[in-house]
Every structure is written in C-alpha cells, then in structure tokens.
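Worksheet: one structure, shown below.
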Amino acid sequence: MRLYGHRVTWPAALGMVIIAVNLMGAIGAPWLAPFDQAEVVCEAWDDPSAAHWLGCDNLGRDLLSRLLFGARMSIGLSLLITTLSFSIGIVAGFTAAIAKGWVDTALSRAVDLMLAMPSLIFAFVVLSVLGTDIPVLVVTLACLDSTRVFRLSRALAMNIVALEYVEVARLRGEGLWWIITREVLPAARAPLIAEYGLRFSFAFLFVAALSFLGLGIQPPDADWGSMVRDYRDMINLGVSAPFWPAGAIAVLTIGVNFVVDWLLAIQSRGHGENA
Amino acid sequence: MLRMIGLRLALGVMTLLGASMLIFAGTEILPGDLASALLQNNATAENLATMREQLGLDRPAAVRYAQWFGGALQGDLGRSLATERSVARDIAPRLGNTVFLAVYAAGIAVPLSIVLGLMAAVWQGSVFDRMVNTVTLMTISVPEYLIGYLLMKYISVELGWLPTLANVTEQTGLGERLYLTLLPMLTLVLVVIAHMMRMTRASVLAIMASPYIEMAFLKGIPKWIVVVRHAFPNALAPVISVVALNLAYLVVGVVVVEAVFVYPGLGQLMVDAVSKHDVPVVQACGLIFSSAFIVLNMLADIAAILANPRLRHPR
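Going down the list, the sequences are from chains D and U.
Take 1 as the starting number for the first sequence in this note's numbering and just add one per residue.
Take 1 as the starting number for the second sequence in this note's numbering and just add one per residue.
So this is what it looks like as structure tokens:
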C-alpha cells in the first residue's frame, strides 16, 4: 500500500487503523454508545452480557458507553491542548528565529528554565492555585507543552530564515506574520507534523495521568484516566474493569507512536520513488 | 576541565534559583490569588482582605519570595494551610520513603539495563535483541499505572506472591520494607529500563562501527572482550547522561506509582495538597522534586565531562 508515494509499513498501517477506530469512537460516541455516560442502567459490577458488552461499573453505568464517551473527552481534550500548544510554540519559536537578538535570547532562556523543571510538578503547582476546571487544564498544559514545540520550531526556522527567499521577503518589506505563515511554515511542515503526533501522545498520557491522580477531569464526565482511578479497587476482586480504559490509553499511544516512527523514517530517507 | 565543571555548577545553581522563582510565581502572581481560591464562593471583599492579610499577601511579592526561599534554605518550609502543622515535619518521613523507593528501583534498573543493552549489542539482530527491543518499545508507550495494575493483578491477586499495597510505616524494618515495596519497585524498573537499555545498545553499536574496533577484531580478540573493554568505555558518556536523565524521570514517575500502590511518599502528599489547595505544601514538594531533577541533570553533564578523556587536559 502507498500513501502520497510512500510505502506504508505494517506497524504504520496498524497505527493508522488504531487512530481511525479511536477517532470514530470519539466522534460517534453519542450515536454509537448504547446508553448515556451518566445513566444508571444496571446493578454495580454486572458481568458482561448481550445488553452490556463490557459489563457495568461501580455505579451501575454501562462500561462500553463510558469508554466511548471517555474517548471523546480524552482525545478531544488532548487534541485541543496539542493544537493550542503548537500555535503558541510555533509563533514564539519562529518569532525568536526571525527577530533574533534580545527577543530570541529572552524567549530561549525562559524556555530553558521551564524545561529544567519536571512538567508534572509544575502543572501541580499551577493547578493547586487555579483549581482543575477544564479551561484551566487546557491552557496550563498547552503552555507547558509549547516549550518543547518552541525548541523544535526555533531550530527548524533558524535554518529556513537563512535562505535567500526569506531574505527577499524581508527586503520586500513583509511583516512578521507574513514571514511566519507564508515563508517559514510551509518549509517546516513535515517535521512539525511528526512532532504533532509525538506531542499529542505526550499530552494524552499527561491528561490521563492527571485524571488518574484525581487532578484532571472531574466527575461525572467520563475520561479514561479517571475511569482507571474509579475502578482500581476492583483489581483485588479480580474484576478487569480498570484494564479497559488503561488498555485503551496504551493502545492509542502505541498506535500514534507507530505512525510517528513511520513519518520520521520517511523524513530521514527523503523523497522519491524508493522512499 | 575544572573550568567547564565550574561553569556547569554555576548554571545549575542559577537554574535552581530560577526554578524556585517559577514555583513561587506560579502560585502567587496568577490571576485569582490564593485567598480567593481558598474562600471560593465565600469571597466577599471584606473576607478577601482579611484572608490576604492573614496569609501575608498584602506585602509585595519580592519580599514574600525572599522570605519563603530564605526559609526553605534553612529548612523552614512554612506551615500547611490545611493542618497548620510545620510542612518540613510532614515532609521529612515521606521524602525518606520516596528516596528509598527511587534508590531501590535505580539500584536494580541501572545495572540491569546496562547489562541487557550490552547483551543486545553483542548479539545484534538475534532473537534476543529483537525480543528485548520489542518489549522495551511497548513499555515506553504504556502508562505507569497500567504496568502497575497488571503486575498487581497477576503477581499479587492471582498468584498471591506479594502484597497489593505498599503500606510501610516508620516502624517497618528494612527487610519487610524491601518486600513490601518490591512491586512498586518492579513497576518503576520496567518504566525506566527501556530508555536506558536502548541507549546503551545504540551508543555501543555506534562505537562498534569505528575502525579501531575492526582492528581489535582483526587481532583476534573475542567479541565479548571487544565490546566490554574497547567499545563500552567510549560509549560511557552518552550512557551516563541517559542514566541520569532516567533517574531524574524516576523522581517524577514515582508520583504515579505511589498513587497506584498507595505508598506514603512525597508524591502522594503533593497530590493530596494540590486537591486541597494547600499551597505551602505544594510549593515545598515542588521545590524538592525540581531540585532533585535539576541536580541529577547537572550531575549527568558533569559525569559526561569527566568520562570524556578529551576534556581532561586544558587546551
């Protein structure tokens, strides 16, 4: 199989299928899910049956429905965070590379400092004051994550800005925004797309970990991290409920990593018929 | 070389100072200060003013930062808002527990991953190499809690070999402590071993491609000795920095693993404090975690400088 002239390896194909299935589940949750995420439809911890394929959870809610709605929350939130972090990171990174001088130094030093601290710990500090509303969560994690995007996009833009056509645009008197979006961004697209996948899986694991610790998405909204947290006590009784959301997190992360590996391999080999 | 180490030390101290400022700024200068966060719905203008005064928020931020950081350097981390007890006293035993778990895991993970990495490099392309590679690739992508719960389900619930929870107290003896924390330790080892092992393998293989290794082979030296005596010393610098990076990761990964096994460590304390908006405790824990992270990163760079013979003589 080929995609845009590149041979698709089997891990990459598997990764794409995993991502597609997850996205379909996330987008189609209200139609696919047999019950509502907060609806109590059976006894607590009912075994899987024809009506409830994965059984029921601690409050008698349908596990499959919660898993589907959880996909919506977990994946949607991570996409939002990654997109925001990319917008901030790319604009800041490109600006630093184009402006050079003190703008570059100030931004780079600030980012170095942020990267010198574990981001989970820094997120804790901010969330302890601001609480864990979803908008706060999104903005905090996006800002933390944008530091890594900044590093990459600055490094990419440094090479591109040195090229003649960017110099021409500058001499033509184009503004900063034009140079960022029309001159630098198209040339840096390929590595940034691979990075987007990588950052997505990072944000996804990060949100899940926060929710697992009880500091992320709050009930009654379903999301995979807090589902693991809610069901964890059942491990001792041999109920496998916590493994569904935890497994879903792992499978999606592995799928995204497969695709990212493939994208990176394509870039390092370059283009052409054999690529 | 001394000058390089000195520079790196100075940079480390600067970073520590900067990090402490960030931690302080993160809780103090954000919109919606501590007083309104604490009062939530009861926040009238009057209440807010009293609360701010009680917390000392009416003084300028720079003064409060100097007091906080100065106190922290002398071991005074302030008082908890929730329990009103000294933060330092609450933290001390938990810090001990966390350090114990991290050192325990590191003691197993570091030698194991280096040996596995060397073995994978020696038998490059073999079944063993591919198996170790696949397994470690999986453990990189899988969240810590899934590994923890899988181990818990199969090793302690189904086989009944180990306790599910790591309930250690201050009275627990060393032997029992090692036994109780075996499962959390295993989880952490599985999480960090992948990176270290793959990096050891990759850096040894990179060296193996150089001409002097070919020369050693042509002299008829056995493969095992070539790897350990000729290739490994040169691969040491990248390996050391990866080991230290992963130890730094261990410091943070411990937070999630502690939650899985309900282990009374610093991470659990910090998570509790975050949900209770207990800012002094969060700041103190954040400062400790960040310092450990920064110091380990600094040690990694210094060790890399020491491991590189080309840097030992001033030019």
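C-beta: ideal position from N, C-alpha, C; glycine also.
Just checking: is the beta-carbon of P150 (chain D) within a distance shorter than 8 Å of some beta-carbon in chain U? A small correction: the amino acid at residue 150 (chain D) is Phe; Pro does not occupy that position in the sequence shown. Judged by the 8 Å Cβ criterion, F150 (chain D) is not in contact with chain U.
**Request:** Below 8 Å CB to CB, which residues in the same chain sit around F128 (chain U) once its five sequence neighbours on both sides are set aside?
**Result:** M119 and A120
Does any C-beta atom of chain D lie closer than 8 Å to the C-beta of R315 (chain U)? A caution first: R315 (chain U) carries a pLDDT of 49, below 50, which makes its placement in the model unreliable, though a value can still be read off. Cβ-Cβ to chain D under 8 Å: no for R315 (chain U).
**Helix, strand or coil at L3 (chain D) [DSSP, three-state]** = strand
Exercise. Are the C-beta atoms of G15 (chain D) and some chain U residue less than 8 Å apart?
Worked result: no
Practice task
Identify, in the order they occur along the chain, each residue of the same chain with its Cβ nearer than 7 Å to the Cβ of E39 (chain D), setting aside the five sequence neighbours on each side.
Solution key: R61
Self-check item: Option in U:V239, U:P111, U:A92 and U:Y65 with minimal Cα separation from A300 (chain U)
Solution: U:V239
Neighbouring residues, chain D, relative to H277 (chain U) (Cβ below 9 Å): S128, V129 and G131
- [ ] Consider the Cβ of M117 (chain D): report whether some Cβ of chain U lies at a distance smaller than 8 Å.
- [x] yes
Practice problem: May I have the straight-line CA-CA distance separating L18 (chain D) from V256 (chain D), to the nearest angstrom? | Solution: Reading off the sequence shown, one finds Ile at residue 18 (chain D), where the question assumed Leu. Roughly 8 Å between the two C-alpha positions.
Self-check item: CB contact flag (S128 (chain D), V279 (chain U), <8 Å)
Solution: yes
### Message
Just checking: is the beta-carbon of V142 (chain U) within a distance shorter than 8 Å of some beta-carbon in chain D?
### Response
yes
Which of helix, strand or coil does DSSP assign to R59 (chain U)? coil
List, in order along the chain, the chain U residues whose C-beta lies closer than 7 Å to that of L263 (chain D)? Under the 7 Å cutoff, chain U gives no residues; its nearest Cβ is about 16 Å from L263 (chain D).
With a floor of 4 residues, list each alpha helix (DSSP H) that falls wholly inside the region 255-289 of chain U, ordered by position along the chain.
266-275
Hey, does S290 (chain U) have any beta-carbon neighbour from chain D nearer than 8 Å?
-> yes
- Task: May I ask which residues mark the beginning and end of the alpha helix (DSSP H) holding E39 (chain D)?
- Result: Note, E39 (chain D): premise wrong, no alpha helix (DSSP H); not H, not E.
Could you work out which residue in D:W10, D:L64 and D:C56 is closest to W31 (chain D) when comparing CA atoms only?
D:L64
- Taking just the CA atoms, how far does G107 (chain U) sit from L137 (chain U)? 22 Å
Checklist entry - For D133 (chain D), which of helix, strand or coil comes out of DSSP? => result coil
query: Between the C-alpha atoms of N97 (chain U) and G265 (chain U), what's the straight-line distance to the nearest angstrom?
result: 5 Å
**Message:** Going by DSSP, what residue range makes up the alpha helix (DSSP H) through M196 (chain U)?
**Reply:** L182 to M208
Going by DSSP, what residue range makes up the alpha helix (DSSP H) through L107 (chain D)?
G101 to L115
Are L263 (chain D) and A194 (chain D) close, meaning C-beta to C-beta below 8 Å? yes
Can you check whether the C-beta of T181 (chain U) is within less than 8 Å of a C-beta belonging to chain D?
no
Within its chain, find whatever has a CB closer than 8 Å to the CB of I305 (chain U); leave out the 5 residues flanking it on each side and keep chain order.
M1, M4, I5, R8 and L311
For Q268 (chain U), count neighbouring C-beta atoms within 10 Å of its own C-beta (all shown protein chains included) and say buried if the count is 16 or more, exposed if not. buried
For the alpha helix (DSSP H) containing R130 (chain U), list its first residue and its last residue.
V127 to S141
Exercise. Please check the pair R132 (chain U) and M197 (chain U), which I expect to be a contact at CB under 8 Å, by giving their CB distance rounded to whole angstroms.
Key: Strictly speaking, residue 132 (chain U) in this sequence is Val, with Arg absent from that position. 7 Å between Cβ atoms; contact.
**Q.** F69 (chain U) at chain D interface by Cβ criterion, 8 Å
**A.** no
Strictly under 8 Å for the Cβ-Cβ distance: is A303 (chain U) near chain D by that measure?
no
- Query: Is it true that the region 168-181 of chain D meets the region 204-212 of chain D, where meeting means three or more beta-carbon pairs spaced less than 8 Å apart?
  - Reply: no
Cβ shell of V136 (chain D) (< 6 Å), same chain only, five flanking positions each side left out: L130
Can you pull the chain U neighbours of T253 (chain D), defined as C-beta to C-beta under 8 Å? S141, V142 and P143
Check your understanding: So G216 (chain D) packs on S146 (chain D), CB below 8 Å; how close in whole Å?
Key -> That belief does not hold up - the Cβ atoms of G216 (chain D) and S146 (chain D) are roughly 19 Å apart, past 8 Å.
Determine whether the beta carbon atoms of A102 (chain U) and L250 (chain U) lie at a separation below 8 Å.
yes
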